[in-house]
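All residue numbers for the sequence shown refer to the working numbering, where the first residue is 1 and numbers rise by one.
Quick reminder that beta carbons are idealized off the backbone N, C-alpha and C, glycines included.
None of these values were measured; they are calculated from a predicted model.
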Amino acid sequence: MAEKRLLTNGNAFKRTDGRWCGVVWYMDERGVRKRKSFSGTTKQAVNKKITDYIADFNESIIESQETKKTLRENMQKWLEVFKFPSVERSTYDRYECTAKNQIYPVLGDKVVSDISAADIKDLLNQNMSEGYAYTTVKKVYLVLSEYFRYLTQQEIIVKNPMQSVPMIKKSNFYAAQEKENLPANETLTVFTPEEIEIFKKECFRCWDNGKRIYQQAAAYILMLNTGLRTGELLGLLNSDIDLENRVMHLQRGVKEIAKRDGITAERGREIKVGKLKSASSKRDIPLNNTAIEMIKDLHQERYFGDIIEFSKLQVLKQKAYTACGILLRLTLLTVKNNLTAVSNL
């Protein structure tokens with residue numbers, strides 16, 4: 001198939017009856033040479049019509065070229081141009097991760113204009129059948145919804161296929177995976193006082209030479225007593241802690257994000273200090289006796305003036321879980337190097 005393209009930039013001329021005319025020659029999609037004619041009372045009016053037509057013509061060619069691109073190429077450009085400058089780095093990492101791991105392997109090589117509602121539904125069903133979590137599949141759905149809404153708004157495609165693809169209900173999703181859809185309050189793991197004591201004992205277990213096995217072990221017990229998220233804990237400064245009034249002021253958070261050269265992701269991760277997860281995350285947390293004890297323990301283990309520096313905070317190993325007899329799911333950041341970003345605050 002031939003490509004639609006301009007053959008001339010148009011020219012205006014005056015007819016014998018005094019009116020002005022103009023002609024633009026172009027090649028259509030079938031390779032047929034055609035022309036578009038214009039007329040007006042002045043040369044200026046005709047030239048304006050020619051200029052407007054050429055602008056619309058070129059825009060239609062660009063849109064036509066976009067519809068012929070693969071989803072992988074087009075969506076990646078959308079992510080880099082529209083999402084990267086407008087969302088948090090950690091949010092962009094999730095967008096890109098979802099696209100590369102769940103969307104591209106199935107739809108990446110399909111031409112954008114050829115993707116149907118059935119194709120998208122097949123993708124969601126495949127993710128579900130492969131055992132992905134409901135939240136993961138919902139992220140796929142949300143990314144695709146935003147992307148195809150953009151294509152429709154830009155008139156790159158005429159109809160949004162996502163309008164015919166409702167997100168599967170959570171109960172039906174779990175039923176298809178032969179899992180029980182439990183209420184949120186039944187899926188939370190709440191430790192008993194006995195389990196916390198067992199865990200605390202394991203955290204502070206020492207080698208034969210008296211050195212603790214786990215670094216900054218008090219941080220884990222502090223989290224259990226305050227409900228701190230990992231990023232909130234890592235963002236603490238000593239000035240945020242008021243032991244006299246038994247309160248902790250949360251002001252900032254620490255996130256682990258993909259290392260990038262501009263937009264391009266590189267190997268490895270890096271630490272970013274910034275705002276908390278949400279507006280409500282900026283709050284005051286009362287400190288009980290155990291929390292105060294753990295803070296003092298952390299100060300004694302490693303004190304850096306106005307900085308609490310969890311330089312090698314590690315996720316407790318599976319052997320610690322096994323030793324406790326508790327299935328513990330603490331998603332702590334693994335920070336291998338000093339948090340220089342925190343130190344520079």
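| query | result |
| --- | --- |
| Burial state of Leu327, where buried means 16 or more other Cβ atoms lie within 10 Å | Any reading at Leu327 is ruled out, since the residue's pLDDT is 38, under 50, leaving its predicted position unreliable. |
| Alpha helix (DSSP H) runs contained entirely in the region 93-146, provided each spans 4 or more residues | 104-107 and 117-129 |
| The region 189-198 / the region 245-258 touching (three or more Cβ pairs under 8 Å) | no |
| Where Ala265 falls: helix, strand or coil (DSSP) | strand |
| Bridge-paired residues (DSSP) for Met248 | Ile241 and Ile285 |
| Short Cβ contact (9 Å threshold) for Arg260 with Gly235 | no |
| Whole-angstrom distance between Thr16 and Pro8, CA atom to CA atom | A small correction: the amino acid at residue 8 is Thr; Pro does not occupy that position in the sequence shown. Straight-line Cα distance between these residues: approximately 23 Å. |
| Three-state secondary structure assigned by DSSP to Glu73 | helix |
| Rounded distance between the beta-carbons of Gln177 and Leu298, thought under 8 Å | Not confirmed; about 42 Å, so no contact. |
| Residues of its chain near Val81, where Cβ-Cβ distance is below 6 Å and the 5 sequence neighbours each way are ignored | none |
| Contact under 9 Å by Cβ, Pro161 with Ala117 | yes |
| Proximity of Arg19 and Thr41 at Cβ, strictly below 9 Å | yes |
| N- and C-terminal bounds of the beta strand (DSSP E) containing Gly22 | Trp20 to Met27 |
| Backbone secondary structure at Ala217 - three-state DSSP | coil |
| Of the listed residues Asp28, Val46 and Ser113, nearest to Lys69 (C-alpha basis) | Ser113 |
| Reduced DSSP category for Asn11 - H, G, I as helix; E, B as strand; rest coil | strand |
| 7 Å Cβ shell around Thr152 - same chain, five flanking residues per side excluded | Asn160 |
| Check whether Met75 and Ile103 have beta carbons under 9 Å apart | yes |
| Stretch-stretch touch, CB-based, cutoff 8 Å, three pairs: the region 43-51 with the region 81-94 | no |
| Spatial neighbours of Arg361 in its chain, beta-carbon cut-off 7 Å, leaving aside the 5 residues before and after | Given a span of 1 to 345 for the chain in the structure shown, any question on residue 361 remains unanswerable. |
| Pair within 9 Å by beta-carbon distance, Ile157 and Leu222 | no |
| 9 Å Cβ cutoff met for Leu228 and Ile285 | yes |
| Sub-9 Å separation of Lys277 and Gly231 beta-carbons | yes |
| Cys197 (DSSP reduced to helix, strand or coil) | Per the sequence shown, residue 197 should be read as Glu rather than Cys. In the structure shown, Glu197 sits in a helix (DSSP, three-state: H, G or I). |
| Between the CA atoms of Ile292 and Lys121 - distance to the nearest angstrom | 52 Å |
| Straight-line gap, Lys179 to Ser145 (C-alpha atoms, nearest Å) | 27 Å |
| Neighbourhood of Gly262 by C-beta, 8 Å cutoff - its chain only, sequence neighbours within 5 removed | none |
| Per-residue DSSP class, three states only, for Glu270 | strand |
| Endpoints, beta strand (DSSP E) assigned at Ser37 | Arg33 to Gly40 |
| Residue closest to Pro166, alpha-carbon to alpha-carbon, out of Ala12, Leu243, Tyr26 and Asn125 | Asn125 |
| Nonlocal neighbours in the same chain, by C-beta distance under 8 Å from Thr322, ignoring five residues either side | Any reading at Thr322 is ruled out, since the residue's pLDDT is 47, under 50, leaving its predicted position unreliable. |
| Given Gln163 as reference, the closest of Met27, Ala175, Phe173 and Arg149 once Cα atoms are compared | Arg149 |
| Simplified DSSP assignment, three categories, for Val254 | strand |
| For Arg229, three-class secondary structure by DSSP | coil |
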